[in-house]
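Residue numbers (the working numbering): 1395 to 1752.
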Amino acid sequence: MINHSNREPLSANCVIRAALSAELISADDVINRGVDVEQVGRSHSVFKLSLAGEPLAFIKSFGETRGETDGNIARERAIIELARSRQPVKELVAAEQKWKPNGMELATKPVIGKSAWEVDKPGGGSLSVEQAWTELCAGVLTRLSNFHRATRDIAENNGKDYPALANQVPWALKLFNGDTPKELWQTPTISSLLSDASQTPALVGGIRCARRLWRPMCVIHADLKHDNIVLNDTKAIIIDWEMARVGDPAWDLAGLCSRFLLIASHGNGWSDLEHRCIALLVSIYASQSGLDRVILTRRVLQYIGAWTFMAAIQHQSTLNSNELSKSSASMLQKSIATFQQAQVIEEHILRHIDLGKT
């Protein structure tokens, strides 16, 4: 549990005062050069601090944790600490910015580039979906694999030197094993979804199977969605490490894949385009990491099912009614279809990987 020192999260009207105290900016900057603050965060309060119109820092302010479904500052601080001594971590993580630590806030330097969310939307702008996905894989996977390999030793002693990163099974994999995070059942808009899902054998069995496959092999981001990736030419920086932990690298890969499937998919089943694109990701990562492509494909698929179910829960939780929305229902059906068709999908993906080698 984080010590928040009984303070309220940072607000926009005191960011400048805090930046002055940290000597990140000066009184002359405020008077003569112009300092602006813009709130840009969603799950946490995040503020963009700009000097003379140019981004200077992003300040994230953490309030009281909501439980297992929420991140915490200790994990993100541990990743920043790792970046000081491990080059593969440093290459993937936004640099720390000067700030007075108080247990609730951290500041990072701005990352220049464009969100992978923009790159991988349907059509990818001027690119096809497949072209956009290929560019995203090229920009992310080598660096991600290097990061995972560079943190395997931390997994070997379960974060002994970095206790904030100790292995914890993601909440989505706990849903039907008797240890579901209590805050989920305390959210009225998703109670019906969870209750109905618990009566769906394919979904329950798929989530339980995914949990059995969990292998804590290295430090992972654990919330690797497209909007947490910034691309600059062929390089990627990953932000928002508040969910980081020792875990299964296939969980990170499944995060990327599930968001791609929800963007590119036109139905509940899997298309040949989706088979090809997931095959590309597995093939690149397997060659970079040395992991067996068959075992990796199997774990990624089970985790995709869990990720898409988690997306349905998260989307439904933002609504004003517990009546299942069209979008939530679509995500739920995609999850069920992934679990039901896992063996066939696996065969299609492996066939595409083999064709790519010929």
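Cβ coordinates follow ideal geometry from the N, Cα and C atoms, glycine included. Fair warning: this is a prediction, and the values are worked out from it, not measured in the lab.
Span separating the alpha-carbon of residue i from that of residue j
| i | j | result |
| --- | --- | --- |
| Ala-1421 | Ser-1415 | 10 Å |
| Arg-1686 | Ala-1644 | The question names Arg, but residue 1686 is Asp in the sequence shown. Their backbone Cα atoms lie some 12 Å apart in a straight line. |
| Arg-1745 | Leu-1675 | 14 Å |
| Gln-1727 | Ser-1586 | 15 Å |
| Leu-1578 | Ala-1558 | 22 Å |
| Pro-1482 | Val-1738 | 36 Å |
| Leu-1718 | Glu-1417 | 49 Å |
| Gln-1735 | Ser-1681 | 26 Å |
| Leu-1597 | Leu-1607 | 15 Å |
| Ile-1747 | Ile-1698 | 18 Å |
| Leu-1749 | Arg-1478 | 41 Å |
| Met-1637 | Lys-1554 | 18 Å |
| Leu-1530 | Val-1424 | 39 Å |
| Lys-1576 | His-1438 | 20 Å |
| Asn-1466 | Gly-1457 | 9 Å |
| Ser-1399 | Gly-1599 | A caution first: Ser-1399 carries a pLDDT of 38, below 50, which makes its placement in the model too unreliable to give a value. |
| Asp-1464 | Asn-1622 | 15 Å |
Cβ separation of residue i and residue j, assumed to be a contact under 8 Å, to the nearest whole Å
| i | j | result |
| --- | --- | --- |
| Trp-1527 | Phe-1733 | Not a contact, Cβ separation roughly 23 Å. |
| Val-1624 | Ala-1616 | Not a contact, Cβ separation roughly 18 Å. |
| Cys-1671 | Glu-1524 | 6 Å |
| Thr-1702 | Ser-1665 | Rounded, the Cβ-Cβ distance is 15 Å, inconsistent with contact. |
| Ile-1453 | Val-1409 | 6 Å |
| Trp-1635 | Glu-1470 | 4 Å |
| Ala-1700 | Leu-1567 | 6 Å |
| Asn-1716 | Arg-1639 | About 30 Å; that fails the 8 Å criterion. |
| Val-1429 | Ile-1419 | 6 Å |
| Arg-1427 | Leu-1443 | Wrong, their Cβ atoms sit about 12 Å apart, outside the cutoff. |
Short CB-CB distance (under 8 Å) between residue i and chain C
| i | result |
| --- | --- |
| Gly-1457 | Judged by its chain identifiers, the structure shown contains no chain C, having just a single protein chain. |
Per DSSP, the bridge partner or partners of residue i
| i | result |
| --- | --- |
| Asn-1626 | Lys-1629 |
| Gln-1433 | Phe-1441 |
| Glu-1490 | Thr-1502 |
| Lys-1508 | Leu-1625 |
Residue i - containing beta strand (DSSP E), residue span
| i | result |
| --- | --- |
| Phe-1570 | Neither: Phe-1570 is in no beta strand (DSSP E) and is coded neither H nor E. |
| Thr-1502 | 1499-1502 |
| Ile-1614 | 1612-1614 |
Boundaries (first-last residue) of the alpha helix (DSSP H) holding residue i
| i | result |
| --- | --- |
| Ser-1455 | Unbroken run through Ser-1455 is the beta strand (DSSP E), 1448-1455; no alpha helix (DSSP H). |
| Gly-1699 | 1687-1711 |
| Gly-1641 | Unbroken run through Gly-1641 is the beta strand (DSSP E), 1639-1641; no alpha helix (DSSP H). |
| Val-1676 | 1666-1683 |
| Glu-1577 | 1576-1579 |
| Ala-1532 | 1523-1544 |
| Gln-1734 | 1720-1734 |
| Gln-1593 | Per DSSP, Gln-1593 belongs to no alpha helix (DSSP H) and is neither H nor E. |
| Pro-1557 | Unbroken run through Pro-1557: none, as it is neither H nor E. |
| Arg-1478 | 1467-1479 |
| Ser-1715 | Unbroken run through Ser-1715: none, as it is neither H nor E. |
| Ile-1410 | 1406-1415 |
Sub-8 Å separation of residue i and residue j beta-carbons
| i | j | result |
| --- | --- | --- |
| Leu-1667 | Tyr-1679 | no |
| Gln-1491 | Cys-1603 | no |
| Glu-1485 | Arg-1546 | no |
| Ile-1614 | Gly-1572 | no |
| Ala-1705 | His-1620 | no |
| His-1669 | Ile-1743 | yes |
| Ala-1412 | Leu-1404 | yes |
| Ile-1730 | Thr-1594 | yes |
| Val-1694 | Ala-1648 | yes |
| Thr-1583 | Leu-1713 | yes |
| Gln-1433 | Ala-1406 | yes |
| Met-1725 | Leu-1656 | yes |
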